[in-house]
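Some notes on the structure that comes next.
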Amino acid sequence: MLSLNYRYIFYLVLLLIFFFVTPLVQAMPADIDGHWAEGSIKNLMAEGIFNGYPDGSFRPDQSITRAELAKTLAVSYEFNASGQKAQFSDTEQHWAEEYITALAKAGIITGYPDGKFKPEAPITRAEMVAMLTRLLNVGTEEERYTIDFAPTFPDLAEDHWAFYQIELAAKLGLLPRYYAPEFRPSRLASRADTAWMLQQVRNLKMVRGQVLDQPEAGTNLLTVQPEGEGKIQIAVIPPEAVVFRNNITTTPEALTKDDQITIFYNRDEEPTVVK
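Pasting the structure below:
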């Protein structure tokens, strides 16, 4: 038989488990069970990056607003604009003002020609992809393309404003499979799309470091000393990879010793973009 003191402790432990553990288990919304993006949504919610609604739902197939995306990206990558003035005429005093300001300052998001951000407008697929690639510092306005891209999507011409961002995202494996065969850039992105793509961005393998040797012509072989104390990395750059030097597309042979580069790998761990 347990003494009175032990019983008291036993029941106290049970109460603590009930109040602190059970809510964590029940916190995940029921409407994501079995959803194709369930794993990504749960991961981001567990980290406090994505939130559900007060009624306990997540609404994965609902569109996401530009303000909601700004908050999600700012929290995920710890952008902070505390005390800074809003950069858009329609975001002052908005609940997401600091998130939007922080991302605008970092060049991740842009407004419209009339000076507005339209925080409550739903975001399109093209806008979503542009923001996500800018997080990686690829697909930026400074880049210049001297090579021809064979369009991945039949409905996306090279003169589309987000053509290169979308092509880079496709090469990196950041797009859901159902974004094919047509991309439909003006279609609204869903909350599930956002969670899944952001998870892919966060999971990308990247190697940042210094080129140790001038690549030999025809080999496409890069030897890189990673930042910090990492081991030397050797990467064979495939012909279909996109290589930038000083924001201009080029070939691996054009990279020189001591260049500071970032190698981005796709989900198959193949070098896909070098910058």
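Following my numbering, the numbering of the sequence shown begins with 1046 at its first residue and continues without gaps.
C-beta: ideal position from N, C-alpha, C; glycine also.
Return helix, strand or coil for residue i, following the three-state DSSP convention.
i, result
"Leu1180", "helix"
"Leu1266", "strand"
"His1294", "Note on identity: in this sequence residue 1294 is Thr, with His being the wrong assignment. Reduced to three states, the DSSP call for Thr1294 is strand."
"Ala1280", "strand"
"Gln1255", "strand"
"Ser1085", "helix"
"Arg1229", "coil"
"Gln1210", "helix"
"Gln1305", "strand"
"Thr1239", "helix"
"Arg1189", "strand"
"Tyr1223", "coil"
"Tyr1157", "coil"
"Thr1197", "coil"
"Thr1146", "helix"
Have a look at residue i and residue j and give me their C-alpha separation to the nearest angstrom.
i, j, result
"Gln1259", "Lys1163", "47 Å"
"Asp1135", "Ala1082", "32 Å"
"Ile1211", "Ser1102", "30 Å"
"Ile1153", "Tyr1144", "11 Å"
"Leu1220", "Asp1303", "33 Å"
"Gly1263", "Ile1279", "15 Å"
"Ala1240", "Met1073", "14 Å"
"Lys1130", "Thr1146", "7 Å"
"Ile1168", "Asn1096", "17 Å"
"Glu1351", "Val1318", "Absent from the structure is residue 1351, since the part of the chain shown begins at 1046 and ends at 1320."
"Tyr1098", "Thr1296", "48 Å"
"Ala1166", "Thr1301", "45 Å"
"Gln1071", "Gly1093", "Any reading at Gln1071 must be qualified, since the residue scores a pLDDT of 42, below 50, and its modelled position is unreliable; no value is offered."
Using beta-carbon positions only, say whether residue i and residue j come within less than 9 Å of one another.
i, j, result
"Thr1307", "Val1252", "yes"
"Pro1283", "Glu1315", "yes"
"Leu1148", "Ala1115", "yes"
"Lys1320", "Val1288", "yes"
"Thr1294", "Glu1188", "yes"
"Leu1118", "Leu1243", "yes"
"Pro1230", "Ala1207", "yes"
"Val1269", "Val1281", "no"
"Leu1217", "Asn1311", "yes"
"His1205", "Ala1171", "yes"
"Tyr1224", "Tyr1209", "no"
"Phe1309", "Leu1181", "yes"
Under 8 Å from any heavy atom of the ligand NAP, does the C-beta of residue i make it?
i, result
"Asp1204", "Absence of the ligand NAP is noted for the structure shown, with no ligands found whatsoever."
Inside the segment 1098-1128 only - alpha helix (DSSP H) runs reaching at least 4 residues: 1111-1122
Does the segment 1184-1197 come into contact with the segment 1135-1151, if we say contact requires no fewer than three beta-carbon pairs (one atom in each stretch) closer than 8 Å? no
Take every Cβ of the segment 1228-1245, pair it with every Cβ of the segment 1106-1117, and state whether three or more of those distances are shorter than 8 Å. yes
Does the segment 1259-1278 come into contact with the segment 1177-1187, if we say contact requires no fewer than three beta-carbon pairs (one atom in each stretch) closer than 8 Å? no
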